[in-house]
Structure formats: structure tokens, C-alpha cells
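Numbering (my numbering), first residue to last: 61 to 228. Here's the structure, in C-alpha cells; my notes come after.
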Amino acid sequence: MMSIDELQRFLDTFETYESTSPAESWDAYFMKLAYQVRERSSCHHRKVGALIVRENRILATGYNQPPSGFPHCDETKCIRDALKIESGQNQEICYAAHAEQNALSQAARFGISTSGSTIYVTHRPCSICARLIINAGIKKVVFGEGYPDPLTEFMFDRTGVCLFNFKL
């Protein structure tokens, strides 16, 4: 058994060293997780994942999916296909909530404040999600792929939300 004196001698000579195995950036880490989260989506057209993070801690996740209790996209005919709606048009005509909306809903459901946080999303948010992100107090949006909605960047620019395209 170790004595108190042995422990004290060890603590007296305690040293730290520079790490020899550099960790990836937090942005890379959280973007990889957003891409993993999107795999839960059953959307036929675009799988999207989102993570809300503050102080490098995950607060909530979301992926594009219909509301709880509604048939998933792989269980019914796609309303957007049936009505021949183009990508980026009439976002409100879809059974699914967007990944950002689901992440924000999850945070709200569990009473988690998103003020001052960052959201990592596999795709640039649409302008509907941009409004929610702004009002939720999220200050930074990190995304991987584009989305055809120029109003998003306009709204973020005018409200001070930082929009950052991060390629893995």
C-alpha cells in the first residue's frame, strides 16, 4: 500500500508535457457528429443533421424528420415529389421538420437555453430556420453544404449571427 509520504513526493514532482497527439478542431469534431446525426433521417432527398453546442458541450441534436407519431418519409409518399416542388421552394410544404427545428424543439422540451450557443448543421439553414436560430439566441452557425436560400445570409448579416462554411 502506498504511503501518504510517497503520494506527497509524487505530487511535489508532478510535471506536464506538450501533447504529442494533436486533437482535431472542435469545429471538425462537431461537424462529424452532425453528419452522423443526419443518418437517422429517412428523407428521400436530403438528409440533414444538426447539433447545438455551448462551451464545447452538446445541448441538443436534431435531424430532418416528420413530427413524432407521423409516418416517416420512407413510410409514405413524399408530398414534395407528388406536388413537383423544387428544392429551396415552399419549405413549409413538407411533412418533416428541419434538423435545426428539431434540435431547437428538443432543447425547448427539456428546458435547455440555447442563448449564446453555436449550431453545427450539415447544410446551410433555410430562411425559416434562420429566423428560429436568431430568436433562439444562437450566435454562430457552422455548416458543411449549401442550400438555395439567399435570405438566410441576409438575415444573419443583419442580426450579427456568424455564418461559417466548414468543409470536412
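Glycine is no exception: its CB is placed at the ideal position from the N, C-alpha and C atoms.
### Task
Determine the closest residue to Gln231 out of Arg117, Ala142, Ala110, Asn116, with distance taken between C-alpha atoms.
Shown here, the chain extends from 61 to 228; a query on residue 231 therefore has no answer.
#### Entry: Boundaries of the alpha helix (DSSP H) in which Val97 is found, first to last residue
The residue you call residue 97 lines up with position 37 of the sequence shown. Annotation: the continuous alpha helix (DSSP H) that includes Val97 extends over 86 to 97.
### Task
Going by CA-CA distance only, name the one from Arg191, Asp134, Ala88 that's closest to Asp217.
By one-based count along the sequence shown, residue 217 stands at place 157. Ranking the options by Cα distance to Asp217, first place goes to Arg191.
### Lys227 classed as buried or exposed, judged by whether at least 16 other C-beta atoms fall within 10 angstroms
Counting from one through the sequence shown, the residue named residue 227 turns up at place 167. Looking at its Cβ environment, which holds fewer than 16 other Cβ atoms inside 10 Å, Lys227 is exposed.
### Task
Would you list the residues sitting across from Glu205 in a DSSP beta bridge?
Locating residue 205 in the sequence shown gives position 145, where the first residue counts as 1. In the DSSP output, where bridge partners are listed per residue, Glu205 has His183.
#### Entry: Inter-residue Cα distance where the pair is Glu135 and Glu99
Locating residue 135 in the sequence shown gives position 75, where the first residue counts as 1. Locating residue 99 in the sequence shown gives position 39, where the first residue counts as 1. Between Glu135 and Glu99, the C-alpha separation is close to 16 Å.
### Message
Just to confirm the assignment, what range does the beta strand (DSSP E) spanning Leu67 have?
### Response
Taking the sequence shown and counting its residues from 1, the one referred to as residue 67 is at position 7. Careful: Leu67 lies outside any beta strand (DSSP E), inside the alpha helix (DSSP H) at 64 to 72.
### Query
When the distance is taken between beta carbons, is Ala88 closer than 8 Å to Val181?
Working through the sequence shown from its first residue, we reach residue 181 at position 121. Working through the sequence shown from its first residue, we reach residue 88 at position 28. Going by C-beta atoms, Val181 is not nearer than 8 Å to Ala88.
#### Entry: Three-way DSSP call (helix, strand, coil) for Ile194 in this model
Along the sequence shown, read from residue 1 onward, the residue named residue 194 stands at position 134. Reduced to three states, the DSSP call for Ile194 is helix.
#### Entry: Distance, Cys154 Cα to Ser145 Cα
Translated into positions along the sequence shown, residue 145 becomes position 85. Translated into positions along the sequence shown, residue 154 becomes position 94. The sequence as given places Ile at residue 145; Ser does not occur at that position. Taking the straight line joining both Cα atoms gives about 10 Å.
### Query
Going by other Cβ atoms of all chains shown within 10 Å of its Cβ, with 16 needed for buried, is Met91 buried or exposed?
Along the sequence shown, read from residue 1 onward, the residue named residue 91 stands at position 31. It counts as buried.
### Task
With distances taken Cα to Cα, identify the nearest neighbour of Pro210 among Gly148, Arg106, Ser101.
The residue you call residue 210 lines up with position 150 of the sequence shown. Nearest of Gly148, Arg106, Ser101 to Pro210, Cα basis: Gly148.
### Task
Using the Cα positions of Cys138 and Asn195, report the straight-line distance between them to the nearest angstrom.
Taking the first residue of the sequence shown as 1, we reach residue 138 at position 78. Taking the first residue of the sequence shown as 1, we reach residue 195 at position 135. Cys138 and Asn195 have their C-alpha atoms some 30 Å from each other.
### Task
Quick one: grab the DSSP three-state call for Asn162.
The sequence position of residue 162 within the sequence shown is 102, counting from 1. If DSSP states are grouped into helix, strand and coil, Asn162 belongs with the helices.
### Query
Over what stretch of residues does the alpha helix (DSSP H) that includes Thr212 continue unbroken?
Numbered from 1 along the sequence shown, position 152 holds the residue referred to as residue 212. Where Thr212 is concerned, the enclosing alpha helix (DSSP H) stretches over 211 to 219.
### Query
Between the C-alpha atoms of Cys133 and Cys103, what's the straight-line distance to the nearest angstrom?
Stepping through the sequence shown from its first residue, residue 133 is reached at position 73. Stepping through the sequence shown from its first residue, residue 103 is reached at position 43. When rounded, the distance between both Cα atoms is 5 Å.
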